[in-house]
Amino acid sequence: ELKVEQNPLFLSMQEGKNYTIYCNYSTTSDRLYWYRQDPGKSLESLFVLLSNGAVKQEGRLMASLDTKARLSTLHITAAVHDLSATYFCAVDPSGNQFYFGTGTSLTVIP
Amino acid sequence: NAGVMQNPRHLVRRRGQEARLRCSPMKGHSHVYWYRQLPEEGLKFMVYLQKENIIDESGMPKERFSAEFPKEGPSILRIQQVVRGDSAAYFCASSRAKLWNEQFFGPGTRLTVL
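Line by line, the protein sequences are chains Y and W. Last residue of the first sequence: 110 (the working numbering), numbering continuous. Last residue of the second sequence: 114 (the working numbering), numbering continuous.
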């Protein structure tokens with residue numbers, strides 16, 4: 001059974017600090033996606049990583065993909081309160097469906 | 001360009017009733033996916049459809065659940081004889097094509113079964 005695991009599951013960090021969220025997956029996939037979800041809301045696409053070694057940055061968030069290690073990271077730089085949300089990674093090995101990670105609930109404390 | 005639309009946004013049903021959830025994909029998108037999210041959990045795939053065809057329904061419960069995407073009109077996820085365990089948020093996503101498969105998500109329908 002394909003597994004997508006994120007850690008940590010819960011993350012509380014102070015404003016201004018840096019941290020990394022990890023996403024491990026158990027099958028071959030050249031594509032990985034990161035989404036953000038605010039409470040009671042839908043999923044907002046953050047990054048689409050399409051190949052090994054891909055790195056993308058948007059504001060205080062940077063995502064990378066290592067397909068050989070089956071690992072993606074989402075790095076947060078100098079966190080601000082607006083980044084508080086749940087972050088999901090997802091892989092798409094077959095093109096038919098996304099397999100979502102367990103989610104990381106991030107709370108940024110002023 | 002309107003995004004993925006779902007209605008209703010909130011749906012309350014009593015046990016044993018039927019629930020119908022609708023999804024209109026983004027313009028130009030012919031691939032529709034349904035996911036279910038239980039409280040405090042990630043999204044779980046249910047079914048993948050193209051116009052008039054079910055491509056992958058490996059995530060659909062064997063009974064009471066069905067989905068369609070007719071030639072005209074929205075995709076429908078239908079749950080018959082709902083039970084309390086069906087209470088969840090149901091999200092629809094659409095994509096332009098299978099190979100370039102970035103999925104765009106709708107706002108979701110939150111189903112509550114009393």
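We treat Cβ as the ideally placed atom computed from N, Cα and C, and that holds for glycine.
Rounded to the nearest whole angstrom, the C-alpha separation of W/E40 and Y/T104 is 10 Å. Within the same chain, and ignoring the five residues on either side of W/L11 in sequence, the residues whose Cβ sits closer than 8 Å to its Cβ are A19, L21, T109, R110, L111 and T112. The DSSP-derived three-state label of W/H29 is coil. The beta-bridge partner set that DSSP reports for Y/D66 consists of Y/L71.
Chain Y places no beta carbon closer than 9 Å to that of W/L11, leaving this residue out of the contacts. The alpha-carbon separation between W/C92 and Y/L49 amounts to approximately 22 Å. Shown here for Y/F10: same chain residues with a beta carbon closer than 6 Å to its own, the five before and five after excluded, namely S105 in chain order.
The beta carbons of Y/L43 and W/F45 sit no closer together than 9 Å. Interface annotation, W/L111: not in contact with chain Y, CB-CB separation never under 9 Å. When the alpha-carbon of W/S30 is set against those of W/L114, W/Q103 and W/R96, the nearest one is in W/R96. Setting aside the 5 residues that flank it on each side, Y/A54 is surrounded in the same chain by L65, each with a C-beta closer than 6 Å to its C-beta; the list follows chain order. The beta-carbon of Y/L43 is placed less than 9 Å from the nearest beta-carbon of chain W. Per the Cβ contact rule, the segment 91 to 105 of chain Y is not in contact with the segment 79 to 91 of chain W (fewer than 3 Cβ pairs under 8 Å).
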